[in-house]
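One rule links them: number in the working numbering = place in the sequence shown (from 1) + 21.
The beta carbon of each residue, even a glycine, is placed where N, CA and C say it ideally should be.
Since this is a predicted model, take the numbers as computed values, not measurements.
The structure under discussion appears below in the form of structure tokens.
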Amino acid sequence: MSEITHPTIKDGWFREISDMWPGQAMTLKVNQVVHHEKSKYQDVLIFESTDYGMVLVLDNVIQCTERDEFSYQEMITHLAMNSHPNPKKVLVIGGGDGGVLREVVKHECVEEAVLCDIDEAVIRLSKKYLPGMAVGYQHPNVTTHVGDGFKFLDDKKGE
22 MSEITHPTIK DGWFREISDM WPGQAMTLKV NQVVHHEKSK YQDVLIFEST DYGMVLVLDN
82 VIQCTERDEF SYQEMITHLA MNSHPNPKKV LVIGGGDGGV LREVVKHECV EEAVLCDIDE
142 AVIRLSKKYL PGMAVGYQHP NVTTHVGDGF KFLDDKKGE
């Protein structure tokens, strides 16, 4: 079995360097690359880092790490959920890693949670390599839709 390589990894270090963040870069020491594929929509890389656990990278940009994903997932979810008096139906567009979905279903008032993500690869790979984040997919009130979020909303008009 050959070792998986990726252009963002050099000398055992993942490097996120982007013109979007002038004057800064993010580097993480890589234990091993566990998966790499080019999906229909993006380059998907998952690697195990020395200090941050599994790391999900889309188009060379870190999306989440096991070590600190909770800070983003909890903040984006619970602020919205606690601002609504009784959120029974929740739609998550994007978020294929499942972290927001995991937090949404912690609210007992939620009767239906739908996640719509355009890239099935992110959902599939998160279930396999990021099970702590993707655990929400197993909740009985969850439905997953793979497709474009704008089209999903357009198709649901009037419901």
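Between the segment 136-155 and the segment 113-123, the count of C-beta pairs closer than 8 angstroms reaches three or more; the two stretches touch. Shown here, I139 sits in coil according to DSSP, grouped into three states, outside any helix or strand.
If you ignore the 5 residues before and after H99, its C-beta comes within less than 7 angstroms of the C-beta of E124, all in its own chain and listed in chain order. In the same chain as A155, and ignoring 5 residues on each side of it, the C-beta atoms closer than 6 angstroms to its own belong to G119, S147 and K148, in chain order. For T164, the pairing in a beta bridge is given by DSSP as V135.
Boundaries cannot be given for K177, as no beta strand (DSSP E) includes it and DSSP labels it neither H nor E.
The alpha-carbon of A46 is positioned some 7 angstroms away from that of R36. Check the Cα spacing between E87 and each of N81, E69 and C130: the tightest is with E69. Judged by DSSP secondary structure, L122 falls within the alpha helix (DSSP H) whose first and last residues are G120 to V125.
Proximity of the segment 25-33 to the segment 105-114 falls short of the contact definition, fewer than three beta-carbon pairs being nearer than 8 angstroms. Residue environment analysis places C130 among the exposed positions, since fewer than 16 neighbouring C-beta atoms fall within 10 angstroms of its C-beta.
If you draw a straight line from the Cα of D140 to the Cα of T48, it comes to about 26 angstroms. Uninterrupted beta strand (DSSP E) stretches at least 3 residues long and entirely within the segment 87-115 occur at 110-114, given in chain order.
When only Cα atoms are considered, E95 and W34 end up about 28 angstroms apart. Look at the segment 51-79 and you find these whole runs of beta strand (DSSP E), each 3 residues long or longer: 64-70 and 75-79. The residues I30, G33, W34, F35, F68, E69, S70 and T71, in chain order, have a CB closer than 8 angstroms to that of V51 in the same chain once the five nearest residues on each side in sequence are set aside.
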